[in-house]
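Down below is the structure, laid out as structure tokens.
There are 2 protein chains.
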Amino acid sequence: MSQVNGPVRPSDAGSGESDTRRSTQAGTAIDKLVHEPARLLLLACLYVVDAADFVFLLRQTGLTAGNVSSHVSKLEEAGYVNVEKGFVGKRPQTILRLTEQGRAAVRSYRDTMNQLLGSLED
Amino acid sequence: MSQVNGPVRPSDAGSGESDTRRSTQAGTAIDKLVHEPARLLLLACLYVVDAADFVFLLRQTGLTAGNVSSHVSKLEEAGYVNVEKGFVGKRPQTILRLTEQGRAAVRSYRDTMNQLLGSLED
DNA sequence: GCAAATAAGTTTGTAGAACAAACTATACCG
DNA sequence: CGGTATAGTTTGTTCTACAAACTTATTTGC
Numbered sequence: 019m020s021q022v023n024g025p026v027r028p029s030d031a032g033s034g035e036s037d038t039r040r041s042t043q044a045g046t047a048i049d050k051l052v053h054e055p056a057r058l059l060l061l062a063c064l065y066v067v068d069a070a071d072f073v074f075l076l077r078q079t080g081l082t083a084g085n086v087s088s089h090v091s092k093l094e095e096a097g098y099v100n101v102e103k104g105f106v107g108k109r110p111q112t113i114l115r116l117t118e119q120g121r122a123a124v125r126s127y128r129d130t131m132n133q134l135l136g137s138l139e140d
Numbered sequence: 019m020s021q022v023n024g025p026v027r028p029s030d031a032g033s034g035e036s037d038t039r040r041s042t043q044a045g046t047a048i049d050k051l052v053h054e055p056a057r058l059l060l061l062a063c064l065y066v067v068d069a070a071d072f073v074f075l076l077r078q079t080g081l082t083a084g085n086v087s088s089h090v091s092k093l094e095e096a097g098y099v100n101v102e103k104g105f106v107g108k109r110p111q112t113i114l115r116l117t118e119q120g121r122a123a124v125r126s127y128r129d130t131m132n133q134l135l136g137s138l139e140d
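The listed protein sequences derive, respectively, from chains A and H.
Those letters in the first sequence? Residues 19 to 140, by the working numbering.
Those letters in the second sequence? Residues 19 to 140, by the working numbering.
Right, dumping it as structure tokens:
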């Protein structure tokens with residue numbers, strides 16, 4: 019467990035390592051946690067509604083329950099979403115909310131991508 | 019080798035399959051081949067310069083030679099780039115070029131992402 | 001002129017994940 | 001009760017990105 023899971027850092031042109039040349043990335047780093055399509059969908063939903071239950075996300079994203087569940091877990095572990103488990107009547111209900119950290123990550127991701135995509139004029 | 023590698027298709031609300039609910043995605047589909055950060059970098063480079071040799075891409079992206087090589091292979095298999103191997107003096111040189119299909123894929127990806135990200139106002 | 005470094009790649013091994021399918025647990029329905 | 005629906009979680013498999021090791025050829029050093 020030596021590599022934590024923040025955004026992928028660019029390699030600054032510093033001293034040599036591995037292969038003939040240097041490893042990973044450029045520019046301003048893409049957060050893989052946000053980048054993943056399924057998660058991006060979930061995060062985008064949460065970003066605009068700011069609070070949603072499990073079933074809502076299921077419907078909105080069209081993902082399977084299993085996938086929503088595991089992706090939400092990852093986002094929770096990363097501190098990007100807050101999970102609140104309760105009941106509505108007799109049925110369980112899980113409410114998801116973006117943390118401030120999560121919102122920041124999404125904003126940052128959006129900006130990074132906009133920059134990258136901005137360079138691609140027709 | 020049963021699953022070809024075009025863009026990930028959204029599940030149209032059609033008849034049931036797997037899990038309690040339905041599987042993958044929403045909206046207009048994200049092409050994973052383009053989406054992958056390393057490849058996105060390569061494609062973005064090629065998109066703007068329209069022709070580049072292996073070493074140039076290496077330098078521009080900061081990726082390792084191994085990664086450039088394998089990613090380029092995938093892009094070639096997908097028909098997104100055209101690979102031309104030759105020599106400059108005595109040294110080998112590989113020239114990469116986006117195919118029209120590749121350019122279209124990048125444009126499409128850009129549009130999809132812009133749409134997705136567009137919904138995320140501060 | 002032969003070793004060692006450098007250049008331009010490719011191939012291989014492995015660790016990490018995304019996804020689907022199977023499962024748990026409870027509630028309602030007849 | 002037996003079956004189906006709801007709300008999730010856990011498990012298993014397959015895929016794949018990345019780094020490291022390997023080619024093959026070419027300069028450069030001595």
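Even glycine gets a Cβ: it sits at the ideal position worked out from N, Cα and C.
In this text, all values refer to a predicted model and were calculated from it rather than measured experimentally.
**Request:** Compare the C-beta of His89/A against all C-beta atoms of chain H and say whether one is closer than 8 Å.
**Result:** On the first sequence, residue 89/A is found 71 positions in, with the first residue counted as 1. So no, His89/A is outside the interface.
**Message:** Please list, in chain order, the chain A residues whose beta carbon lies closer than 8 Å to that of Arg125/H.
**Reply:** Translated into the one-based positions of the second sequence, residue 125/H becomes position 107. Under the 8 Å cutoff, chain A gives Leu138 and Asp140.
**Asked** Touch check for the stretch 113 to 128 of chain A and the stretch 58 to 69 of chain A: three-plus C-beta pairs under 8 Å?
**Response** yes
**Prompt:** Roughly how many angstroms separate the alpha carbons of Thr130/A and Lys108/A, rounded to a whole number?
**Reply:** Stepping through the first sequence from its first residue, residue 130/A is reached at position 112. Stepping through the first sequence from its first residue, residue 108/A is reached at position 90. The straight-line gap from Cα to Cα measures roughly 44 Å.
**Coil, strand or helix - Leu61/A by DSSP** = To locate residue 61/A, count along the first sequence from 1; it is residue 43. If DSSP states are grouped into helix, strand and coil, Leu61/A belongs with the helices.
**Message:** Give me the chain A residues within the contact set of Ser122/H, using Cβ-Cβ distance strictly less than 8 Å, ordered along the chain.
**Reply:** The sequence position of residue 122/H within the second sequence is 104, counting from 1. First, the amino acid is wrong: residue 122/H is Ala here, not Ser. Those do not exist, as Ala122/H stays about 11 Å from chain A at its closest Cβ, beyond 8 Å.
**Asked** So what does DSSP say about Pro92/H, is it helix, strand or coil?
**Response** Here the question's residue 92/H lines up with position 74 in the second sequence. The sequence given here has Lys at residue 92/H, not Pro. Residue state, collapsed to three classes: helix.
**Prompt:** Going by the CB atoms, is the gap between Ala70/A and Leu114/A shorter than 8 Å?
**Reply:** Translated into the one-based positions of the first sequence, residue 114/A becomes position 96. Translated into the one-based positions of the first sequence, residue 70/A becomes position 52. Yes, these two residues count as a Cβ contact at 8 Å.
**Item:** Distance between beta carbons of Thr117/A and Asn100/A, contact taken as under 8 Å
**Value:** Here residue 100/A refers to the residue found at position 82 when the first sequence is read from its first residue. Here residue 117/A refers to the residue found at position 99 when the first sequence is read from its first residue. That pair is a contact at about 5 Å.
**Asked** Should Ala70/H be flagged as near chain A, meaning a C-beta pair shorter than 8 Å?
**Response** The residue you call residue 70/H lines up with position 52 of the second sequence. False, the Cβ-Cβ gap to chain A never drops below 8 Å.
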